[in-house]
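Enquirer:
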Amino acid sequence: NKATYRQDTRFAKDILVISPGLTVKNRLQVLNPSAPDENNYYISFDLIPPGMFDKLRSGRVKIVNWHMLEWETEDQIKRKKSVDKRGVKSEEAYTREVLGDMKDAKNIIVINDEAHHAWRINPEAIGKYIRQRDLKDSAQESTVWIGGIDKINNVRHVMRCFDFTATPFFPSGKKAGDEDFFKWVVSDFGLNEAIESGLVKTPRVVVRDDGTPDSKTMKSKFYHIYADSGVKANLNRAVDKETPLPDMVTKAYYFLGLDWLETFKLWKESNAETPPVMISVCNRTETAARVKFSLDKGKIRIKELQNPNATLQIDTKVLNEAETGQNGNGVASKKSVAEELREKVDTVGQKGRPGEQIQNVISVGMLSEGWDAKTVTHIMGLRAFTSQLLCEQVVGRGLRRTSYEVE
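Numbered according to this note's numbering, the sequence shown terminates at residue 427, and the numbering increases by one at each position without gaps.
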């Protein structure tokens, strides 16, 4: 529109896209009109008529990680031991630094991807509530994210700000109801619609079982495996990786593994070049290590899963350092290990890439948002799923389709 109606102030030619991490940032490169054809969604999905590509490419798209929006306050500068005592950056200098090669942009459109990270804290609540652990981190992130947009708006004017997220509500650790949704939701395309339209896979619970239902619920004992008191207590111990997993967990992996094996054989018969992937979301590092040890050493009696080179255990702390583009101690070798791990995780199931032949991904907590593995077929949850957000995020890691070809 801006390329056609240059004087029309309703339209913009400069777009700033803000992501929650490097994984999502890399995924979003497909939105850059200048991206190579094979990585350009406008071409891959025939979104733009061929004759309009020149107009599309006259616009500019800048994609940044939210950490780029961080700034030093006056108090932080005073506490620095450096001899460099320059004051707080002006909003103009800050904006030019964030926008980089788009530093002359005005009247900008901002797109917040995974926008549940970007929300303004109620001024009346500041200092009244103490947020713990992840919620404290999310409040800090949202402050930087929204504060950065405010600074850019003050000097360059943000015309519109569009939020995109599958979980449009404030993180609280509790189940979200309709009253908890962001008040600015204007369009909702839920999971049911995505399944019905064929955009994602259809989730299902594995039917295989050991034939002993829970006496209270009459559901499979595997249905809420972590809720079993014996399993929960066992998995919350700080023990060595050689410590056997609870019998129920070993059985659950066996039955889920049998289902995975059927998929593995079907893919092999159809000459698939990459294997189906099982992901495990564990409650703690020790549990993840025990799961990997059990798989590697044949404690789960499925030969095809006994391949250490095809099983990836994620060190969440190291991965987070790579995800933010930061490294705590600045040691180059450790940073390279983190980046190597992130690349392997990011390329699971991608032909010719480091993660091509990975069959098992074992993680503590959440796999990063934007994780683009299309080959996930099975998920094992060995942690509490107490919030709707966490459930949706974990299931979402396995929903991407391997192909969008119409049969």
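All C-beta atoms in this analysis are idealised placements derived from N, C-alpha and C, irrespective of residue type, glycine included.
(1) From what residue to what residue does the beta strand (DSSP E) around Thr331 run?
(2) Taking the alpha-carbon of Asn46 as reference, which of Trp391, Gln27, Asn254 has the nearest alpha-carbon?
(3) Which word fits Asn52, buried or exposed, when buried means at least 16 other C-beta atoms lie within 10 angstroms of its C-beta?
(4) To the nearest angstrom, how far is the alpha carbon of Arg30 from that of Ser356?
(5) In the structure shown, what three-state DSSP assignment does Ser64 receive?
(6) Asp95: beta carbon under 7 Å from a heavy atom of the ligand PLP?
(7) Am I right that Gln370 and Ala330 are in contact with their C-beta atoms under 8 Å? What's the rounded C-beta distance?
(8) Three-state secondary structure (DSSP) at His244?
(9) Taking Lys126 as the reference, give the member of Lys98, Asn173, Lys100, Ile141 with the closest Cα.
(10) Report, in whole angstroms, the separation of the C-beta atoms of Ser314 and Leu265, which I expect to be a contact under 8 Å.
(11) Got a sec? Which residues, its chain only, sit under 7 Å from Glu262 by beta carbon, not counting five neighbours each side?
(12) Flag this pair as yes or no: are the beta carbons of His398 and Met298 separated by less than 8 Å?
(13) Taking just the CA atoms, how far does Asn21 sit from Pro223?
(14) Under a Cβ-count criterion, where at least 16 other Cβ atoms within 10 Å of its own Cβ denotes burial, should Gly348 be classed as buried or exposed?
(15) Quick one, are the C-beta atoms of Trp165 and Trp86 less than 8 Å apart?
(16) Give a yes or no on contact between the segment 357-368 and the segment 33-47, applying the rule of three or more CB pairs nearer than 8 Å.
(17) With a threshold of 16 other CB atoms inside 10 Å of the CB of Gly107, please say whether the residue is buried or exposed.
(18) Using the beta-carbon count (16 or more within 10 Å), is Trp280 buried or exposed?
(19) Where does Asp34 land, buried or exposed, given buried means 16+ other C-beta within 10 angstroms?
Expert: Quick answer:
(1) Segment 331-333, the beta strand (DSSP E) holding Thr331.
(2) Checking every option, the nearest Cα to that of Asn46 belongs to Trp391.
(3) That one is buried.
(4) Arg30 and Ser356: Cα-Cα distance of roughly 45 Å.
(5) Ser64: helix per DSSP, three-state reduction.
(6) The ligand PLP is not part of this structure, which contains no ligands at all.
(7) With a beta-carbon spacing of about 15 Å, Gln370 and Ala330 fall beyond the 8 Å limit used to define contacts.
(8) His244 falls in the coil class under three-state DSSP.
(9) Selected option, being the one with the closest Cα: Asn173.
(10) The Cβ separation is near 5 Å, so the contact holds.
(11) A distance below 7 Å between beta-carbons, with the five flanking residues on each side excluded, links Glu262 to the following residues of its chain, in chain order: Phe313.
(12) Yes.
(13) Cα to Cα, the separation comes out at about 39 Å.
(14) Bear in mind that the predicted position of Gly348 carries a pLDDT of just 47, short of 50, making it unreliable; the figure below should be weighed with that in mind. Label assigned to Gly348: exposed.
(15) Contact check for Trp165 against Trp86 passes: the beta carbons are separated by less than 8 Å.
(16) Cβ pair count under 8 Å is three or more, so yes.
(17) Exposed is the call here.
(18) Counting of Cβ neighbours within 10 angstroms places Trp280 among the buried residues, the total reaching 16 or more.
(19) Asp34 should be labelled buried.
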